[in-house]
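Chemist: Quick note on numbering: the working numbering labels position 101 of the sequence shown as 184, and the sequence is numbered without any gaps. Where is the CB? At the ideal position from N, CA and C, for every residue including glycine. As the structure is a prediction and not an experimental result, all values here were calculated from the model. Here it is, the structure in full.
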Amino acid sequence: MKDGKLLESGNADAIFKNPKHFYTRDLVASCPPDDKKLSELPTRKHFMGFDDEGYFGDVNMSLDQLIKKLTVDPNESIKKSEELIKNDPILILKQINKTFSSKKQSKKHVAVQEISFHVHCGETLGIIGESGSGKTTLAKIMVGILKPDNGEILFENKNIEKLNKKDYKSFRKSVQMVFQDPYTSLNPTKTIKDILQEPMVTHRIVPQNQLGERVNTILKQVGLVQEVKDRYPHELSGGQRQRVCIARALVMNPKLIIFDEPVSALDVSVKADILNLLNELKTKFNLTYVFISHDLAIIRFISDRVLVMKESQKVEIGFTERIYSKPKEQYTQKLLGSIP
């Protein structure tokens, strides 16, 4: 259904394998396949065109044909990832630990335990694991929201705990984070223009007389019209709000962006648009990503390498296609085997 109208009905297998209506194709195709990596997620633009009268019409290509066209060869994917890890690491974590304790309870909760890994310039490192495995805590440590109990975090080969005030301010600009819920991430009392301008003023990103132009440019780059800048967060859809959150990260001219479940609260077709956008922005601005998700298919689509976590610990790390095709650890095998 769409807009209160029935568009298509039939046998479940037939609908999923060979949908007829372009909107149904869009919905089905927007879900990343779990058995292959795609260069781009299919969206409405792949199924729609214009006929002689200027109306939208179906493009004469089946869903299977389109998926085949967009499928990335696993060996090519690994080769690309091998080239990326030749780049210098932008972020290094060494033996990171984090424990939380409660005043009411004497019991301590170990959130992150002996975690070490590198993030190389230009790559997307995906982090997967069950709820409570420590993914979000690790993300907050990487961006500087939380401090580890011990261990070292090096950004561009500098220990962030030993940075002077000027260098730490530069670090905070260079490393940004996009959270799961775009609504709670945005100040409901401010317009989108104010939300985007505030960090630019605080960190003196551009001169005062260029703020408006910068806002217009960044909104266009994340796929939003300029009229959005005068609206408040509650006046936008979930997908639009998340694009604003991405724009807010981009206005800082970051080098590394950490995404914590950024599409889990969005509709399926909106997810595909946002994920494609992230890949486009990464290439355009030469960014590095850390992408956290519990959705194994999304991690396969967007990641060059994957870090698997379980109960606060690192289980294994490796190239995405190798992890998904030949996982070494029993837990990873079990995790990937849980895909329906």
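Could you tell me if arginine 108 is buried or exposed, where buried requires 16 or more neighbouring beta carbons within 10 angstroms of its beta carbon?
Modeler: For the purposes of this step, residue 108 is taken as the residue at position 25 of the sequence shown. Flag for arginine 108 reads buried.
Chemist: Take every Cβ of the region 225-236, pair it with every Cβ of the region 160-178, and state whether three or more of those distances are shorter than 8 Å.
Modeler: Contact between the region 225-236 and the region 160-178 is present, because at least three Cβ pairs lie under 8 Å.
Chemist: Can you tell me the Cβ-Cβ gap for glutamate 123 and histidine 104, rounded? I've got them flagged as a contact below 8 Å.
Modeler: Taking the first residue of the sequence shown as position 1, residue 123 is located at position 40. Taking the first residue of the sequence shown as position 1, residue 104 is located at position 21. Between histidine 104 and glutamate 123 the Cβ distance is about 21 Å, and since that is not below 8 Å, they are no contact.
Chemist: Ignoring anything shorter than 3 residues or poking outside the region 198-266, list the beta strand (DSSP E) runs there in chain order.
Modeler: 207-212, 233-238 and 258-261
Chemist: Have a look at the DSSP bridge pairing and note the partners of aspartate 343.
Modeler: Translated into the one-based positions of the sequence shown, residue 343 becomes position 260. Note: aspartate 343 sits in a beta bridge opposite Ile375.
Chemist: Under 7 Å Cβ to Cβ from glycine 212, same chain only, skipping five residues before and after it: list those, please.
Modeler: Start at 1 with the first residue of the sequence shown, and residue 212 comes out as number 129. Sequence-distant partners of glycine 212 (beyond 5 residues in either direction) whose C-beta falls short of 7 Å from its own C-beta, in its chain, are Lys218, Val391, Met392 and Lys393.
Chemist: Would you call serine 199 buried or exposed, if buried means 16 or more other Cβ atoms sit within 10 Å of its Cβ?
Modeler: Looking up residue 199 in the sequence shown gives position 116. Burial call: exposed.
Chemist: According to DSSP, simplified to helix, strand and coil, what is aspartate 141?
Modeler: For this step, residue 141 is matched to residue 58 along the sequence shown. Residue placement at aspartate 141 cannot be trusted, given a pLDDT of 49 that sits under 50; what the coordinates show is reported in the next sentence. DSSP places aspartate 141 in strand when its eight states are reduced to three.
Chemist: Where in the region 285-310 do unbroken runs of the alpha helix (DSSP H), each at least 4 residues long, occur, reported from the N-terminal end onward?
Modeler: 294-304
Chemist: Would you mind working out which of Lys151, Gly205, Gln178 and Asn180 sits nearest glutamate 165, comparing C-alpha positions?
Modeler: Looking up residue 165 in the sequence shown gives position 82. Minimum Cα-Cα distance from glutamate 165 among the listed residues Lys151, Gly205, Gln178 and Asn180 corresponds to Gly205.
Chemist: Under the three-state reduction of DSSP, which class applies to arginine 127: helix, strand or coil?
Modeler: Position 44 of the sequence shown, counting from 1, holds the residue named residue 127. Arginine 127: helix per DSSP, three-state reduction.
Chemist: What are the residues that DSSP puts in a beta bridge with arginine 388?
Modeler: Locating residue 388 in the sequence shown gives position 305, counting from the first residue. Leu208 and Phe402.
Chemist: Would the region 275-288 and the region 358-377 be scored as touching if the rule is three or more Cβ pairs under 8 Å?
Modeler: With contact defined as three or more Cβ pairs closer than 8 Å, the region 275-288 and the region 358-377 are not in contact.
Chemist: What is the DSSP secondary structure of valine 111, reduced to helix, strand or coil?
Modeler: Here residue 111 refers to the residue found at position 28 of the sequence shown. When secondary structure is reduced to three states using DSSP, valine 111 falls in the helix class.
Chemist: Assign glutamate 136 to buried or exposed, taking buried as 16 or more other Cβ atoms, counted over all protein chains shown, within 10 Å of its Cβ.
Modeler: By one-based count along the sequence shown, residue 136 stands at place 53. Here glutamate 136 scores only 44 on pLDDT, less than 50, and its place in the model is too uncertain to base an answer on.
Chemist: Go through the region 166-198 residue by residue and report every complete run of the beta strand (DSSP E) that reaches 3 residues or more, in order.
Modeler: 172-184
Chemist: Glycine 322 and aspartate 356 look like a contact to me (Cβ under 8 Å); what is the Cβ gap, rounded to whole Å?
Modeler: Position 239 of the sequence shown, counted from the start, is the residue given in the question as residue 322. Position 273 of the sequence shown, counted from the start, is the residue given in the question as residue 356. About 7 Å separates the two Cβ atoms, so the contact holds.
Chemist: Using DSSP bridges, identify the partner residues of leucine 319.
Modeler: In the sequence shown, the residue the question calls residue 319 occupies position 236. DSSP output for leucine 319 lists no bridge partner at all.
Chemist: Which residues in the same chain as serine 214 place their Cβ atom closer than 6 Å to its Cβ, once the five residues preceding and following it in sequence are excluded?
Modeler: Along the sequence shown, one-based indexing puts residue 214 at 131. Contacts found: none.
Chemist: Is it the case that the Cβ atoms of leucine 339 and valine 258 are separated by a distance below 8 Å?
Modeler: Residue 339 sits at position 256 when you count from the first residue of the sequence shown. Residue 258 sits at position 175 when you count from the first residue of the sequence shown. Yes, the Cβ-Cβ distance between leucine 339 and valine 258 is below 8 Å.
Chemist: Determine the closest residue to lysine 163 out of Ser421, Pro410, Phe262 and Phe402, with distance taken between C-alpha atoms.
Modeler: Sequence index remark: in the sequence shown, residue 163 carries index 80 (1-based). Lysine 163 has its Cα closest to that of Phe402, out of Ser421, Pro410, Phe262 and Phe402.
Chemist: With distance defined between alpha-carbon atoms, name the residue in Gly209, Lys100 and Val298 nearest to aspartate 378.
Modeler: On the sequence shown, position 295 is the one that residue 378 refers to. Checking every option, the nearest Cα to that of aspartate 378 belongs to Gly209.
Chemist: Suppose the cutoff is 6 Å on Cβ atoms and the five residues either side in sequence are ignored; what does the same chain contact list for proline 125 look like?
Modeler: Position 42 of the sequence shown, counted from the first residue, corresponds to residue 125. By the criterion of a C-beta distance shorter than 6 Å, proline 125 is surrounded in its chain by Ala112 and Leu149, once the five residues flanking it on both sides are discounted.
Chemist: Using the beta-carbon count (16 or more within 10 Å), is aspartate 343 buried or exposed?
Modeler: As a working mapping, residue 343 is identified with position 260 in the sequence shown. It counts as buried.
Chemist: Quick one: what's got a C-beta closer than 7 Å to glutamine 280's C-beta in the same chain, skipping five residues either side?
Modeler: Locating residue 280 in the sequence shown gives position 197, counting from the first residue. So the list reads Leu294 and Val298, once near-sequence residues are dropped.
Chemist: Assuming contact is defined by CB atoms lying nearer than 8 Å, are serine 352 and proline 157 in contact in what I supplied?
Modeler: The sequence position of residue 352 within the sequence shown is 269, counting from 1. The sequence position of residue 157 within the sequence shown is 74, counting from 1. Cβ atoms of serine 352 and proline 157: not closer than 8 Å.
Chemist: Applying the criterion that 16 or more other CB atoms from any shown protein chain within 10 Å of the CB defines a buried residue, is isoleucine 422 buried or exposed?
Modeler: Residue 422 sits at position 339 when you count from the first residue of the sequence shown. In the assembly as shown, isoleucine 422 is an exposed residue. Its beta-carbon has fewer than 16 other beta-carbons within 10 Å.
Chemist: Mind checking leucine 89: buried by the 16 CB within 10 Å criterion, or exposed?
Modeler: Here residue 89 refers to the residue found at position 6 of the sequence shown. Looking at its Cβ environment, which holds fewer than 16 other Cβ atoms inside 10 Å, leucine 89 is exposed.
Chemist: Does the distance from the C-beta atom of proline 231 to that of lysine 181 stay below 8 Å?
Modeler: Taking the sequence shown and counting its residues from 1, the one referred to as residue 231 is at position 148. Taking the sequence shown and counting its residues from 1, the one referred to as residue 181 is at position 98. Going by C-beta atoms, proline 231 is nearer than 8 Å to lysine 181.
Chemist: So is glutamine 416 buried or exposed if we call it buried at 16+ other beta carbons inside 10 Å?
Modeler: As a working mapping, residue 416 is identified with position 333 in the sequence shown. Exposed: under 16 other Cβ atoms inside 10 Å.
Chemist: On the CB-based measure, 16 or more other CB atoms within 10 Å of its CB, does alanine 194 come out buried or exposed?
Modeler: Sequence index remark: in the sequence shown, residue 194 carries index 111 (1-based). With 16 or more Cβ atoms within 10 Å of its Cβ, alanine 194 is classed as buried.
Chemist: What is the rounded straight-line gap between the Cα of aspartate 134 and the Cα of arginine 127?
Modeler: Position 51 of the sequence shown, counting from 1, holds the residue named residue 134. Position 44 of the sequence shown, counting from 1, holds the residue named residue 127. Model confidence at aspartate 134 stands at a pLDDT of 43, short of 50, so the residue's coordinates are unreliable; what they give is reported in the following sentence. Distance from the CA atom of aspartate 134 to the CA atom of arginine 127, rounded to whole angstroms, is 16 Å.
Chemist: Leucine 333 to isoleucine 301, Cα distance in whole Å?
Modeler: Position 250 of the sequence shown holds residue 333. Position 218 of the sequence shown holds residue 301. Roughly 7 Å separates the two Cα atoms.
Chemist: Classify leucine 269 as helix, strand or coil using the three-state DSSP reduction.
Modeler: Within the sequence shown, the letter at position 186 stands for residue 269. DSSP places leucine 269 in coil when its eight states are reduced to three.
Chemist: What is the rounded straight-line gap between the Cα of proline 271 and the Cα of proline 282?
Modeler: Residue numbering aside, residue 271 sits at position 188 when the sequence shown is read from its first letter. Residue numbering aside, residue 282 sits at position 199 when the sequence shown is read from its first letter. Their Cα atoms are separated by approximately 16 Å.
Chemist: Buried or exposed: isoleucine 228, going by 16 or more other Cβ atoms within 10 Å of its Cβ?
Modeler: Translated into positions along the sequence shown, residue 228 becomes position 145. That one is exposed.
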